[in-house]
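S.K.: Before I ask anything, here is the structure I am working with.
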Amino acid sequence: MVRKIAGRPVVITGAASGIGRSLAIRLSRHGCPVVIADVNAVELEKTAASLSGPALSRVLDVRDAADFGRFASEVREWLDLPLAAVFNNAGVATATSVLDSLPEDDTWLFDINYWGVVNGTRAFLPMLLKQNYGVVVNTSSVYGLVGMPNNSAYCSAKFAVRGFTDSLRQELRGTGVSAATVHPGGIKTNIIRNGRIHRDPEGRGRDLEQIAADFDAIALTTPERAAEVIHRGVEKGKARILVGPDAYVFDALARIAPTRYYSLVARLLERK
Ligand SMILES: NC(=O)c1ccc[n+]([C@@H]2O[C@H](COP(=O)([O-])OP(=O)(O)OC[C@H]3O[C@@H](n4cnc5c(N)ncnc54)[C@H](O)[C@@H]3O)[C@@H](O)[C@H]2O)c1
1 MVRKIAGRPV
11 VITGAASGIG
21 RSLAIRLSRH
31 GCPVVIADVN
41 AVELEKTAAS
51 LSGPALSRVL
61 DVRDAADFGR
71 FASEVREWLD
81 LPLAAVFNNA
91 GVATATSVLD
101 SLPEDDTWLF
111 DINYWGVVNG
121 TRAFLPMLLK
131 QNYGVVVNTS
141 SVYGLVGMPN
151 NSAYCSAKFA
161 VRGFTDSLRQ
171 ELRGTGVSAA
181 TVHPGGIKTN
191 IIRNGRIHRD
201 PEGRGRDLEQ
211 IAADFDAIAL
221 TTPERAAEVI
231 HRGVEKGKAR
241 ILVGPDAYVF
251 DALARIAPTR
261 YYSLVARLLE
271 RK
């Protein structure tokens, strides 16, 4: 199903930073009225100020299902064209071994990365089905394709997003509404700096800034490029959008060596 979204209204969560901000700027430049939401009011306003066309900006915690419902009603009131896409993009990171993990951090992450996506889907799905048009675009990760050490909560939530969105896609067969999953590889954003990382999970004594700098050094893709790949992928009607060359490597490894992929990843990392 080809889904043209340029020129049509879109909703983007997590739009105060990184991929969400770049997506908002790109889609606004492509003529989309853009509805942006984020828990970070200050940075959200900066995104709003950089948009070229009609925009609605709303502070929203994606964990709050009831407020998500109110937000969807406000969006319905604001729109004068059918809603073309809902990007459930907001997300956070932790980094710890299972042994050292804090239950409250795992819950925090799961509530945002998984339940935030479910809340966004449930809030907007009735509107999309009534229109019989539009796409739900849920952000997973390459860590929704493979399990990585020190990322048990993140991988679990991202696998869950993938399962949820795959199920949704099958339910939507025969309707004018579709669902897609986004699997970014490493993208140079604030995800580590915004995360809950209390100590170096690799035991190398790095502080948060050093961990973030190391992440930036291996992240292959800019958020602007990620936004472009996501936009194009949605318009091509892809059900699964891989972002960045590393995403293709992880996807291939998960298929070729479903139980041994990490040995191969570790060897690649050692060579760097
Ligand atoms: N950066 C990467 O390498 C990478 C890789 C794979 C997947 N992802 C995913 O891409 C998405 C975007 O992340 P990013 O890299 O742009 O990170 P980012 O930290 O730059 O942006 C995430 C945004 O989500 C917002 N957010 C956090 N909690 C929220 C909440 N409760 N309610 C509303 N908004 C909230 C933050 O305020 C921030 O503006 C996330 O789902 C992330 O897991 C990122």
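Under our numbering, the sequence shown has 68 at position 68, and the numbering climbs by one with no breaks.
Ideal placement from N, C-alpha and C gives every residue a C-beta, glycine not left out.
Predicted model, so just to flag it, every value in this text is computed and none were measured.
From P258 to N150, what distance separates their C-alpha atoms?
M.R.: Taking the sequence shown and counting its residues from 1, the one referred to as residue 258 is at position 258. Taking the sequence shown and counting its residues from 1, the one referred to as residue 150 is at position 150. Taking the straight line from one Cα to the other gives about 19 Å.
S.K.: Taking the alpha carbon of N119 as the reference point, which residue from L60, C32, A226 has its own alpha carbon closest?
M.R.: Here residue 119 refers to the residue found at position 119 of the sequence shown. Closest option to N119, Cα to Cα, is L60.
S.K.: Is any heavy atom of ligand 1 found at a distance shorter than 6 Å from the C-beta of N63?
M.R.: Taking the first residue of the sequence shown as position 1, residue 63 is located at position 63. In the sequence under discussion, the amino acid at residue 63 is Arg, which differs from the Asn named in the question. Yes, the beta carbon of R63 sits closer than 6 Å to at least one heavy atom of ligand 1.
S.K.: With 16 other CB atoms within 10 Å as the buried threshold, where does H231 fall?
M.R.: Translated into positions along the sequence shown, residue 231 becomes position 231. Buried, by the Cβ-count rule.
S.K.: Rounded to whole angstroms, what is the Cα-Cα separation between A180 and R206?
M.R.: Along the sequence shown, one-based indexing puts residue 180 at 180. Along the sequence shown, one-based indexing puts residue 206 at 206. Going from the Cα of A180 to the Cα of R206 covers about 36 Å.
S.K.: Taking the alpha carbon of A160 as the reference point, which residue from G174, L145, A90, E171 has its own alpha carbon closest?
M.R.: As a position in the sequence shown, residue 160 is number 160, starting the count at 1. A160 has its Cα closest to that of L145, out of G174, L145, A90, E171.
S.K.: State the Cα-Cα distance for the pair E43 and A16, rounded to the nearest angstrom.
M.R.: In the sequence shown, counting from the first residue as 1, residue 43 sits at position 43. In the sequence shown, counting from the first residue as 1, residue 16 sits at position 16. Between E43 and A16, the C-alpha separation is close to 5 Å.
S.K.: Less than 7 Å between the beta carbons of L264 and L253, yes or no?
M.R.: As a position in the sequence shown, residue 264 is number 264, starting the count at 1. As a position in the sequence shown, residue 253 is number 253, starting the count at 1. Yes.
S.K.: Give a single yes or no on whether G31 has its beta carbon closer than 6 Å to a heavy atom of ligand 1.
M.R.: Position 31 of the sequence shown, counting from 1, holds the residue named residue 31. For ligand 1, not one heavy atom lies less than 6 Å from the Cβ of G31.
S.K.: Skipping 5 residues on each side, what residues in its chain have a beta carbon closer than 7 Å to that of I36?
M.R.: The residue given as residue 36 occupies position 36 in the sequence shown. The residues are I12, A15, A24, L44, T47, A48, A55, S57.
S.K.: Alpha carbon to alpha carbon, how far is G53 from D80?
M.R.: Start at 1 with the first residue of the sequence shown, and residue 53 comes out as number 53. Start at 1 with the first residue of the sequence shown, and residue 80 comes out as number 80. Each residue's Cα considered, the two are about 14 Å apart.
S.K.: What number of angstroms, rounded off, separates the C-alpha of L125 from the C-alpha of R193?
M.R.: Walking along the sequence shown from the start, residue 125 turns up at place 125. Walking along the sequence shown from the start, residue 193 turns up at place 193. Each residue's Cα considered, the two are about 32 Å apart.
S.K.: Tell me where the beta strand (DSSP E) around T13 begins and ends.
M.R.: Along the sequence shown, one-based indexing puts residue 13 at 13. Where T13 is concerned, the enclosing beta strand (DSSP E) stretches over 10-13.
S.K.: In the DSSP output, which residue or residues are listed as bridge partners for R196?
M.R.: Position 196 of the sequence shown, counting from 1, holds the residue named residue 196. Answer by DSSP bridge pairing, in chain order: T94.
S.K.: Just reading off the alpha helix (DSSP H) that P103 is part of, what are its end residues?
M.R.: Along the sequence shown, one-based indexing puts residue 103 at 103. 103-110 is the span of the alpha helix (DSSP H), which, as asked, contains P103.
S.K.: Could you check if V2 is buried or exposed, using at least 16 other CB atoms within 10 Å of its CB as the buried criterion?
M.R.: Looking up residue 2 in the sequence shown gives position 2. So V2 ends up on the exposed side.
S.K.: Contact check, V86 vs V136 under 8 Å by CB: the rounded distance?
M.R.: On the sequence shown, position 86 is the one that residue 86 refers to. On the sequence shown, position 136 is the one that residue 136 refers to. So it is a contact: roughly 5 Å between Cβ atoms.
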